[in-house]
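Novice: Residue numbers (the numbering used here), protein chains in the order written: chain A, 18 to 326; chain B, 42 to 477.
Each residue gets a CB set at the ideal place from its N, CA and C atoms; glycine is no exception.
Being a predicted model, the structure only gives us computed values, none of them experimental.
Following this message is one structure expressed as structure tokens.
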Amino acid sequence: MTALATPPATTPAAPPAKRARGRRGLSSSYPTWFYIPSAVLYIVLFAIPTFASFYFSLTRWSLFDIEFIGFENYAQFFTEPMLVQGFVNTFVYGFVTSALKVVLGLALALLLTGSILGRGYLRSTIFFPVLVSTVGIGITFKVLMDPFDGLINQTLAAVGITGPGWLTDPAWALLSVALVDVWKGVGIATLIFIAGLVAIPQEYFEAAKVDGASAWQRFRNITLPLVQPATATVILLSLIGGLRSFELIWAMTKGGPGFTSDVIASVIYKQYQAGFYGLSTAGNVVLFLVVTAIVVPIQYILNKRQVEQ
Amino acid sequence: MNSTRTRRALVAAAGVAALALPLAACSSGGGGGDGTTEITFLVPNSGTNVESAEAMIAAFEEENPDITVKVESQPAGTEGDNLMKTKLATGEMADVFWYNSGSLFQALNPDQNLVALDDQDWVGDMQDNMAAVVSTENGVYGAPFGATQAGAVVYNKKIYADLGLTVPTTWAEFAANNETIKAAGIAPVIQTYGDTWTSQLFILGDFGNVLAQDADWAEGYTSGDRKYVDEPALAGFANQQEGFEKGWWNEDFASALYDDGARMVATGEGAHYPILTGIVSTFQQNFPDDLENIGVFALPAANADDTKLTVWLPNGVYIPKTTEGDQLAAAKSFVAFINSPAGCDVQNTAMVPSGPYAISTCELPADVPGLLTDMQVYFDEDRTNPALEFLSPIKGPNLENITVEVGSGIRGADDAAALYDEDVKKQAQQLGLDGW
Numbered sequence: 018m019t020a021l022a023t024p025p026a027t028t029p030a031a032p033p034a035k036r037a038r039g040r041r042g043l044s045s046s047y048p049t050w051f052y053i054p055s056a057v058l059y060i061v062l063f064a065i066p067t068f069a070s071f072y073f074s075l076t077r078w079s080l081f082d083i084e085f086i087g088f089e090n091y092a093q094f095f096t097e098p099m100l101v102q103g104f105v106n107t108f109v110y111g112f113v114t115s116a117l118k119v120v121l122g123l124a125l126a127l128l129l130t131g132s133i134l135g136r137g138y139l140r141s142t143i144f145f146p147v148l149v150s151t152v153g154i155g156i157t158f159k160v161l162m163d164p165f166d167g168l169i170n171q172t173l174a175a176v177g178i179t180g181p182g183w184l185t186d187p188a189w190a191l192l193s194v195a196l197v198d199v200w201k202g203v204g205i206a207t208l209i210f211i212a213g214l215v216a217i218p219q220e221y222f223e224a225a226k227v228d229g230a231s232a233w234q235r236f237r238n239i240t241l242p243l244v245q246p247a248t249a250t251v252i253l254l255s256l257i258g259g260l261r262s263f264e265l266i267w268a269m270t271k272g273g274p275g276f277t278s279d280v281i282a283s284v285i286y287k288q289y290q291a292g293f294y295g296l297s298t299a300g301n302v303v304l305f306l307v308v309t310a311i312v313v314p315i316q317y318i319l320n321k322r323q324v325e326q
Numbered sequence: 042m043n044s045t046r047t048r049r050a051l052v053a054a055a056g057v058a059a060l061a062l063p064l065a066a067c068s069s070g071g072g073g074g075d076g077t078t079e080i081t082f083l084v085p086n087s088g089t090n091v092e093s094a095e096a097m098i099a100a101f102e103e104e105n106p107d108i109t110v111k112v113e114s115q116p117a118g119t120e121g122d123n124l125m126k127t128k129l130a131t132g133e134m135a136d137v138f139w140y141n142s143g144s145l146f147q148a149l150n151p152d153q154n155l156v157a158l159d160d161q162d163w164v165g166d167m168q169d170n171m172a173a174v175v176s177t178e179n180g181v182y183g184a185p186f187g188a189t190q191a192g193a194v195v196y197n198k199k200i201y202a203d204l205g206l207t208v209p210t211t212w213a214e215f216a217a218n219n220e221t222i223k224a225a226g227i228a229p230v231i232q233t234y235g236d237t238w239t240s241q242l243f244i245l246g247d248f249g250n251v252l253a254q255d256a257d258w259a260e261g262y263t264s265g266d267r268k269y270v271d272e273p274a275l276a277g278f279a280n281q282q283e284g285f286e287k288g289w290w291n292e293d294f295a296s297a298l299y300d301d302g303a304r305m306v307a308t309g310e311g312a313h314y315p316i317l318t319g320i321v322s323t324f325q326q327n328f329p330d331d332l333e334n335i336g337v338f339a340l341p342a343a344n345a346d347d348t349k350l351t352v353w354l355p356n357g358v359y360i361p362k363t364t365e366g367d368q369l370a371a372a373k374s375f376v377a378f379i380n381s382p383a384g385c386d387v388q389n390t391a392m393v394p395s396g397p398y399a400i401s402t403c404e405l406p407a408d409v410p411g412l413l414t415d416m417q418v419y420f421d422e423d424r425t426n427p428a429l430e431f432l433s434p435i436k437g438p439n440l441e442n443i444t445v446e447v448g449s450g451i452r453g454a455d456d457a458a459a460l461y462d463e464d465v466k467k468q469a470q471q472l473g474l475d476g477w
């Protein structure tokens, strides 16, 4: 790597260069060449592939040749019903999982910061699914959700309800996967909310109780506003994760039945599997832009609110 | 001072050694020690492929004690397709490998990546159909390993006998049979969308009939003139939709697996199962006593004259250009062994033939299951046609998902056919074909 060859050359010249930099007012206390190795790594492993993918998304390429076709890949991505479905599903999936995680996470956190028996044990239980392999969870729930032999439907049948085909009914497939995703990820949301709740000084609650506020009023006027930073974090993290989610969907339905539970990530993977590398890269660029377009404004809004507090 | 410098030097040396070790391990294994040549054989990991490969290797090594063959396996299906292309492109392919023939073989860019085998003795023994699907215009690249198979309707003979039904030769007769079977409380047609690839048989197994109605359909399709939205090809999609709407499917069609399908047709829980006749190996393994109750007939067309058996040609064994020298000679002799009398023996015993062979040196044994004798009739009467993937390099990768949608009632036949035509267009453009 040619970059690494430059440090010895600059060392003898370092003192005058440093003084020059000092005059320019750079606040860094490290000489420039300290940054070069990591800069090289970053450029080679992150920046170049990102820009290369912008270029490749405008081509049709196999492993052997490249053909520039302009925005045709994008046009295809947004007009073909199979691909558009994935696009729509991604938003549904992302927002549903995020909303559920916030609500359930906060509820569980409230429960687990109160004084209940076995609090430590319950906290571990709630957090445990986060640590387990996503694919393992996907396969397990796929078996549990089998419409005829699965445990869930058999239990429901014992109570007299005919459970739907969780993963085989087009109306239910995406939601079933979303629910499993929430089951898996709510532990992190709870953890973050617990940290946020514990940081609220107890005096506020005592003062409010003295003033005669009900439990709900205390929650709405003290807890919710003061747990705002945690809420912002949970929303952002779960939204980004939900929009990009792939392993669970792939393990449970592979985007099926048909294309009804496809999301952008599984669409990208399918195009890649089929050898449509240009189309797949275009999908990746779309995903990148979508996540950025959603997350950056949300982050700005949430952080602004935080600062105003 | 000195000790720190020595320490640093030692640490640096250890670091370099640690980096170098994996690189050394990366270099491909070559010859064995004492004069034996070692080659690697890549096998797709589905069904009984690995066991069959090992049986073939055992027989080969007996005849050739100076060559050892090691088996490598990888996933089959679309994941395997990707791995094949990647390994060839990066030069990481095994010395000899087993893969589909026909359009998937063409997608490997054979002229660039594979060793031409035109000079081998067995090339002339292949049937014309077979030779066509392992060659490009520049040469022959593969030998068949395995027998042909048909995509057709496997049926339970006992149910037919009990209900007094005859094998249908037109779609109307097939539909009437299904209604009778349904009235008797048995699932008329088994579908197993838990394994999505099995949903394609209504389309793929109908191709023989399409070709009978339009002899140029395959060429027209490759050049973009024939579409699935038009008859005669639309019939496949329409048939599958009819099956769903008339309620012919088994109750658990959306989640059943290939093995469930085999069980159902073998034990009589379902009457018909449109599938590849390779399923005979599953029957032989799991339901050997029910084997005589199982037969096969071609997926019927609208007219009896157009009903043909759609035949899949066997996979081929190929040698990549990265194999050289001693390994190349060893690989070539392994490939030649596969269809020699000893090799054919292994194919008949260790593997279960799913149909007649595509090379004249191998013949079916006398005591084959009834399924195969049913197939042989179609071959003898010349009522067969190759499957589309052997006449055209284009196959849209999403067909299995589209057919699941049709069979599950999510999408109508016309819509689905149009969607598949779009999918095919993507594939054709990706392959860089003219006229798309």
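Would you list the residues sitting across from residue 311 of chain B in a DSSP beta bridge?
Specialist: Note: residue 311 of chain B sits in a beta bridge opposite B/228.
Novice: I'd like the list of long-range same chain contacts for residue 177 of chain B, defined as Cβ closer than 6 angstroms, with 5 residues on each side in sequence excluded.
Specialist: Closer than 6 angstroms at Cβ, skipping near neighbours: 151 and 152.
Novice: Using the three-state DSSP reduction, which class does residue 184 of chain B fall into: helix, strand or coil?
Specialist: Reduced to three states, the DSSP call for residue 184 of chain B is strand.
Novice: In terms of residues, what are the limits of the alpha helix (DSSP H) holding residue 353 of chain B?
Specialist: Segment 350-353 is the beta strand (DSSP E) holding residue 353 of chain B; no alpha helix (DSSP H) there.
Novice: Please report how far the alpha carbon of residue 324 of chain B lies from the alpha carbon of residue 155 of chain A, in whole angstroms.
Specialist: About 30 angstroms.
Novice: So for residue 343 of chain B, helix, strand or coil by DSSP?
Specialist: DSSP places residue 343 of chain B in coil when its eight states are reduced to three.
Novice: Please report the straight-line C-alpha distance between residue 211 of chain B and residue 401 of chain B, rounded to a whole angstrom.
Specialist: C-alpha separation (whole angstroms): 33 angstroms.
Novice: Identify every run of the alpha helix (DSSP H) within the region 122-162 of chain B, keeping only runs that are complete inside it and at least 4 residues long; order them along the chain.
Specialist: Counting only runs of 4 or more, we get 144-147 and 151-154.
Novice: Under a three-way DSSP split, which group does residue 67 of chain B fall into?
Specialist: For residue 67 of chain B, the predicted model reports a pLDDT of 47, less than 50, meaning its position is unreliable; a value from the coordinates is still stated below. Residue state, collapsed to three classes: helix.
Novice: CB-CB under 6 angstroms to residue 384 of chain B, same chain, minus the five flanking residues each way: which ones, in chain order?
Specialist: If we look at residue 384 of chain B and ignore the five residues flanking it on each side, its Cβ neighbours are 378.
Novice: Would DSSP call residue 218 of chain B helix, strand or coil?
Specialist: Helix.
Novice: Check for me: the alpha helix (DSSP H) holding residue 436 of chain B runs from which residue to which?
Specialist: Careful: residue 436 of chain B lies outside any alpha helix (DSSP H) and carries neither H nor E.
Novice: Does the Cβ of residue 40 of chain A have 16 or more other Cβ atoms within 10 Å, making it buried, or fewer, making it exposed?
Specialist: Because residue 40 of chain A sits at a pLDDT of 49, beneath the cut-off of 50, its placement in the model cannot be relied upon, and the following sentence gives the value as read from the coordinates. Exposed, since its Cβ has fewer than 16 Cβ neighbours within 10 Å.
Novice: Look at the alpha carbon of residue 167 of chain B and the alpha carbon of residue 399 of chain B, and state the distance between them as a whole number of angstroms.
Specialist: Cα to Cα, residue 167 of chain B sits roughly 6 angstroms from residue 399 of chain B.
Novice: Tell me where the beta strand (DSSP E) around residue 452 of chain B begins and ends.
Specialist: It is not in any beta strand (DSSP E) - residue 452 of chain B carries neither H nor E in the DSSP assignment.
Novice: Buried or exposed: which applies to residue 46 of chain B, given that a residue is buried once 16 or more other Cβ atoms fall within 10 Å of its Cβ?
Specialist: With fewer than 16 Cβ atoms within 10 Å of its Cβ, residue 46 of chain B is classed as exposed.
Novice: Consult DSSP for residue 316 of chain B and reduce its assignment to one of helix, strand or coil.
Specialist: Residue 316 of chain B falls in the strand class under three-state DSSP.
Novice: Quick one: grab the DSSP three-state call for residue 81 of chain A.
Specialist: Coil at residue 81 of chain A, not helix or strand.
Novice: Let me know if residue 310 of chain A comes out buried or exposed under the rule of 16 or more other beta-carbons within 10 Å of its beta-carbon.
Specialist: Classification of residue 310 of chain A: exposed, given that the 10 Å Cβ count is below 16.
Novice: Once you ignore the five residues that flank residue 312 of chain A on each side, which residues in its own chain have a CB closer than 7 angstroms to its CB?
Specialist: Excluding residues within five positions, the ones whose Cβ falls inside 7 angstroms are 253, 256 and 257.
Novice: Note the first and the last residue of the continuous alpha helix (DSSP H) segment covering residue 377 of chain B.
Specialist: Note, residue 377 of chain B: alpha helix (DSSP H), 366-379.
Novice: Which stretch, first to last residue, makes up the alpha helix (DSSP H) that contains residue 181 of chain A?
Specialist: No alpha helix (DSSP H) holds residue 181 of chain A; DSSP gives it neither H nor E.
Novice: Taking only beta carbons into account, state which residues of the region 424-445 of chain B come closer than 8 angstroms to chain A, listed in chain order.
Specialist: Flagged, chain order: 438, 439, 442, 443 and 445.
Novice: In three-state DSSP terms, what is residue 329 of chain B?
Specialist: Here residue 329 of chain B sits in helix by DSSP.
Novice: Determine the closest residue to residue 347 of chain B out of B/277, B/249 and B/228, with distance taken between C-alpha atoms.
Specialist: Nearest option by C-alpha distance: B/249.
Novice: Quick one: grab the DSSP three-state call for residue 80 of chain B.
Specialist: The answer is strand: DSSP assigns residue 80 of chain B an E or B state.
Novice: According to a CB-to-CB cut-off of less than 8 angstroms, which residues of the region 87-99 of chain A neighbour chain B?
Specialist: Listed by position along the chain: 93, 97, 98 and 99.
Novice: Below 8 angstroms on the Cβ atoms is my contact criterion, and I expect residue 214 of chain A with residue 244 of chain A to pass it. Report the Cβ-Cβ distance as a whole number of Å.
Specialist: Their Cβ separation, rounded to whole angstroms, is 6 angstroms, which keeps residue 214 of chain A and residue 244 of chain A in contact under 8 angstroms.
Novice: Do residue 394 of chain B and residue 369 of chain B have their CB atoms nearer than 8 angstroms?
Specialist: Contact flag unset, no.
Novice: Sort A/228, A/168, A/262 and A/238 by Cα distance to residue 109 of chain A and report the nearest one.
Specialist: Cα-wise, what sits closest to residue 109 of chain A is A/262.
Novice: Do residue 143 of chain A and residue 207 of chain A count as a contact pair if the criterion is CB distance below 8 angstroms?
Specialist: Cβ atoms of residue 207 of chain A and residue 143 of chain A: closer than 8 angstroms.
Novice: Which residue marks the beginning of the alpha helix (DSSP H) containing residue 340 of chain A, and which one marks its end?
Specialist: The question about residue 340 of chain A has no answer, for chain A in this structure spans 18 to 326.
Novice: Our contact map puts residue 277 of chain B next to residue 247 of chain B with C-beta atoms below 8 angstroms; I'd like the distance itself, whole angstroms only.
Specialist: Indeed, because the Cβ distance is near 4 angstroms, the residues count as touching under 8 angstroms.
Novice: Apart from the five residues just before and just after residue 318 of chain A, which ones in its own chain have a Cβ nearer than 8 angstroms to its Cβ?
Specialist: Correct list: empty, nothing qualifies.
Novice: Which one of A/276, A/306 and A/315 has the shortest CA to CA distance from residue 442 of chain B?
Specialist: Comparing Cα-Cα distances from residue 442 of chain B to each of A/276, A/306 and A/315, the minimum goes to A/276.
Novice: Spatial neighbours of residue 50 of chain B within its chain, please: CB distance less than 7 angstroms, with the 5 preceding and 5 following residues excluded, ordered by chain position.
Specialist: For residue 50 of chain B, where only same-chain residues beyond five positions count, there are no Cβ hits under 7 angstroms.
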